[in-house]
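Each remark here refers to the structure printed beneath this line.
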Amino acid sequence: MTTVTSPLAGRAIGLAAVPDPVFSGAMVGPGVAIDPVREPSQAVSPVDGVVVSLHPHAFVVVDGEGHAVLTHLGIDTVQLNGEGFELLVAKGDTVTRGQPVVRWNPAAVEQAGKSPVCPVVALDATADSLSDLREDGDVKAGDQLFAWQ
1 MTTVTSPLAG
11 RAIGLAAVPD
21 PVFSGAMVGP
31 GVAIDPVREP
41 SQAVSPVDGV
51 VVSLHPHAFV
61 VVDGEGHAVL
71 THLGIDTVQL
81 NGEGFELLVA
91 KGDTVTRGQP
101 VVRWNPAAVE
111 QAGKSPVCPV
121 VALDATADSL
131 SDLREDGDVK
141 AGDQLFAWQ
């Protein structure tokens, strides 16, 4: 079983509340989202594993069980062309849970007219393979969001 922890401090919300149909409809997979604290921060890895995909606004880490977890920093933030995001690791790097991956400022994303809400998604998972989903309340980086069988 893989425990997936929060990459950010903020408020946990259900994916259905994410203002993007791809995420709210769980088209890329089930999970939860974080409405982040509006201050400069570092998004950290939600699992131990290898960074298999890395963009300024999103990253995927695959753990030893082959579970791929997507952290997407904000909605439509690809349109910011990397502005305001700083990569702290490289694609192919091995990372540990809690290790900083991207530095960013959710308040600046919001000022640019984008939602700073961050989906944390279990790629290629089924909804019934996740348990203990945390879909409300305040979380700190490193708090458990869900367990993946």
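Per the UniProt record's numbering, the very first residue in the sequence shown carries number 1; after that it's consecutive. Every residue gets a Cβ at the ideal spot worked out from N, C-alpha and C, and that includes glycine. Predicted model only: the values in this text are computed from it and were never measured.
> How do the region 77 to 91 and the region 19 to 36 stand: do at least 3 beta-carbon pairs fall below 8 Å, yes or no?
Replying inline: no
>> Measuring only the C-alpha atoms, how far is G92 from S45?
In response: If you number the sequence shown from 1, residue 92 lands on position 92. If you number the sequence shown from 1, residue 45 lands on position 45. Taking the straight line from one Cα to the other gives about 13 Å.
> Per DSSP, what kind of secondary structure is V78 in: helix, strand or coil?
Replying inline: Looking up residue 78 in the sequence shown gives position 78. Reduced to three states, the DSSP call for V78 is helix.
>> By alpha-carbon positions, which one of G142, L130 and D138 ends up nearest to H67?
In response: In the sequence shown, counting from the first residue as 1, residue 67 sits at position 67. Taking only the C-alpha atoms, the option nearest H67 is L130.
> Near L28, which residues of its chain fall below 7 Å by C-beta distance, leaving aside the five closest residues on each side in sequence?
Replying inline: The residue labelled residue 28 in the question sits at position 28 within the sequence shown. Here residue 28 turns out to be Val, not Leu, going by the sequence shown. V22, L70, V121 and L123, listed in sequence order.
> Under the three-state reduction of DSSP, which class applies to A33: helix, strand or coil?
Replying inline: Along the sequence shown, one-based indexing puts residue 33 at 33. If DSSP states are grouped into helix, strand and coil, A33 belongs with the strands.
> When the Cα atoms are used, what is the spatial distance from V139 to L73?
Replying inline: Here the question's residue 139 lines up with position 139 in the sequence shown. Here the question's residue 73 lines up with position 73 in the sequence shown. Each residue's alpha carbon lies about 16 Å from the other.
>> Looking at the strands, I want to know which residues DSSP matches up with T96.
In response: Reading the sequence shown from its first residue, position 96 is the one you call residue 96. Beta-bridge pairing links T96 to no other residue.
> If you measure from the CB of V78, is any heavy atom of the ligand ZN nearer than 7 Å?
Replying inline: This structure does not include the ligand ZN; it has no bound ligands of any sort.
>> In whole angstroms, give me the CA-to-CA distance for R97 and G49.
In response: The residue given as residue 97 occupies position 97 in the sequence shown. The residue given as residue 49 occupies position 49 in the sequence shown. Going from the Cα of R97 to the Cα of G49 covers about 8 Å.
>> Do V4 and L15 have their beta-carbon atoms positioned less than 8 Å apart in this structure?
In response: Working through the sequence shown from its first residue, we reach residue 15 at position 15. Working through the sequence shown from its first residue, we reach residue 4 at position 4. Their beta carbons are not under 8 Å apart, which means L15 does not touch V4 by this criterion.
>> Let me check understanding here. Comparing Cα to Cα, which of W148, Q111, E110 and E135 lies closest to A127?
In response: The count along the sequence shown starts at 1 and reaches residue 127 at position 127. Here the closest residue by C-alpha is W148.
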